[in-house]
Structures are given as C-alpha cells and as structure tokens.
Amino acid sequence: MAIDKRKSIFRFNSYNRHQWMAKMAKTVPAGSDVLDAGAGTGPYRDFFSHCNYKTQDFCETPSSIGKYTQMDYICDITNIPVPNESFDVIICSEVLEHVPEPIKAIKEFSRILRQGGQLFLTAPLGCGIHQEPYIFYSGYTPFWYQKFLSEFGFENIQILPNCGFFKFYAQESRRFVTYLFPKNANLPFKILTFPLKVIFSLWFRRIIPVMCHYLERFDKDKNFTVGYFVDATKRGVNGEIQAYICNS
71 MAIDKRKSIF
81 RFNSYNRHQW
91 MAKMAKTVPA
101 GSDVLDAGAG
111 TGPYRDFFSH
121 CNYKTQDFCE
131 TPSSIGKYTQ
141 MDYICDITNI
151 PVPNESFDVI
161 ICSEVLEHVP
171 EPIKAIKEFS
181 RILRQGGQLF
191 LTAPLGCGIH
201 QEPYIFYSGY
211 TPFWYQKFLS
221 EFGFENIQIL
231 PNCGFFKFYA
241 QESRRFVTYL
251 FPKNANLPFK
261 ILTFPLKVIF
271 SLWFRRIIPV
281 MCHYLERFDK
291 DKNFTVGYFV
301 DATKRGVNGE
311 IQAYICNS
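What follows is the structure in structure tokens.
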C-alpha cells in the first residue's frame, strides 16, 4: 500500500489537513505577507516558502507536540503587535480550541488582515483533553464560523468537513487499544494481555479503519466529523456576506 494511501486511512485527520493547507498555499501569490497564528511547530512553513511567512504564538518553548518553530511575534493571539491590515493571508490551524477568547481572536484577524485577504482556519468539532492546561473548548460548528466570521467582516465563507462519521469512528477505534492497554501498565499485565493486544490491535487499529475508509462514501451529510477546514475572505467596502458548507 502506498504511503499516501496508508496515511489517508490510518492518519487521515492530520493528512487531510496538510493536503488542504498545501492546496490553499498554492492559491497564494508569491511575495504575499502571511501570518501563521498559533504556529506551534510550524508544520506549514514549507508550504508558504514563496511568501513572506511570519509566525506567532504565546511562547517559543518545547511542548508535548514537539519543539516550537522560531517565532516572529510572541504575544497573545488577541493582541498581535502589528498595524492594521498588515497581512494578505492568515493561517490558524488547530489553535482556537486552545484560546480562552476565540471570538476576540477572530476580531484581531479581521483587524490585521487586508481587504480581500484570505483566512485559512481549521479546528476540531470534538476533541479530548490535550496540551493541557491550554485547552478551553472541545470544538466548533459551521454555525459558529458563519456567525462570527461574518460579524467581523468576512465573506465567501467556505466550510469543508474533514470526512464524516465513519472516518471519525475509525479514528476513535484506533485510540481504543491505547486506552485498553496503557503504556504505563505494570509488566505482569503487559505479559498476560499481550496476545489480546495483538488481536485487538489488528481489529481496531487495522481492519476497522480500512472498513470505515470504504464506508465513508455512504455518509453524504458529514454532520459528524473530526473538524472543519474554513476559507474566508475579508470583505471590502461593498462586500456582501456569503457562506457555503461543502459536503465533499
């Protein structure tokens, strides 16, 4: 099985997100001013190598997700020290759930984005506790994006679900084995349960995800998803609000 095919089945969440961001990056003209808000480890830096790429986060220290990239702006995401209309594009990927005041963050993005500029957002719809204690919300719905993006001057709001129910189930199925056989279990438990772990791993971490990958086509609504990819444009003087929810 090809590497990309394996990733699209077993690591679809991050794989699809990276594929979408790479696609968005190709639409950005060379030399554009780009801000990666909440950049973290800077996973999208290479996608925007043709741009003037800047990073922001509230710190520059290693975390549970790895070593943070070098930051241009170490500050609160709701108060970034740049003039109005400083950027052509703002990226904010898997960040809003970690922000105490996400609506203020959207307002700040509107302030520092130029008219006609693009905002590329991703965030989970439902997630467990991670990167604690900096986790404040479990996820965001399409209606949240429509309401607050439009309120703060964005139009042409396109909202794309990152797969549907079956892929969501596949993701949680893979996690099932992790919780059933924790790494910190004592040695006797690990030895006694090893045969079961092999069987369960094959079923929950391999077979079910493959089955769900092919069942995914039957979920047309995709109302139960791991998260959304959002592309919005800062409205000009005479802009009109439009919002689209795409199911594929």
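The opening residue of the sequence shown carries number 71 in my numbering; numbering runs sequentially from there.
Here a beta-carbon is modelled for each residue, glycine too, at the ideal position from N, C-alpha and C.
Note that the structure is predicted; figures quoted are calculated from it, not measured.
Within the same chain, 85 come within 6 Å of residue 77 by CB-CB distance, once the 5 residues on both sides are set aside. Annotation: the continuous alpha helix (DSSP H) that includes residue 93 extends over 82-95.
Bounds of the alpha helix (DSSP H) holding residue 180 are 172-182.
Nearest neighbour of residue 300 by Cα position, chosen from 171, 119, 290, 220, turns out to be 220.
The C-alpha of residue 306 is placed about 12 Å away from the C-alpha of residue 155.
Less than 9 Å divides the Cβ of residue 125 from the Cβ of residue 139. Of all alpha-carbon atoms in 181, 244, 255, 211, the one lying nearest the alpha-carbon of residue 294 is that of 211. Between the stretch 163-172 and the stretch 188-195 there are three or more inter-stretch CB-CB distances shorter than 8 Å, so the stretches are counted as touching.
Linking residue 262 to residue 240 through their CA atoms gives a straight-line distance of about 27 Å. For residue 162, the beta-bridge partners assigned by DSSP are 191. Here residue 109 carries a coil assignment [DSSP, helix/strand/coil].
Beta-bridge annotation (DSSP): residue 225 is paired with 303. Annotation: the continuous alpha helix (DSSP H) that includes residue 239 extends over 235-250. The residues 205, in chain order, have a CB closer than 6 Å to that of residue 199 in the same chain once the five nearest residues on each side in sequence are set aside. Boundaries of the beta strand (DSSP E) harbouring residue 123: 122-127, taken from the DSSP string. Judged by DSSP in its simplified three-state form, residue 231 adopts strand. When the alpha-carbon of residue 235 is set against those of 129, 291, 112, 93, the nearest one is in 291.
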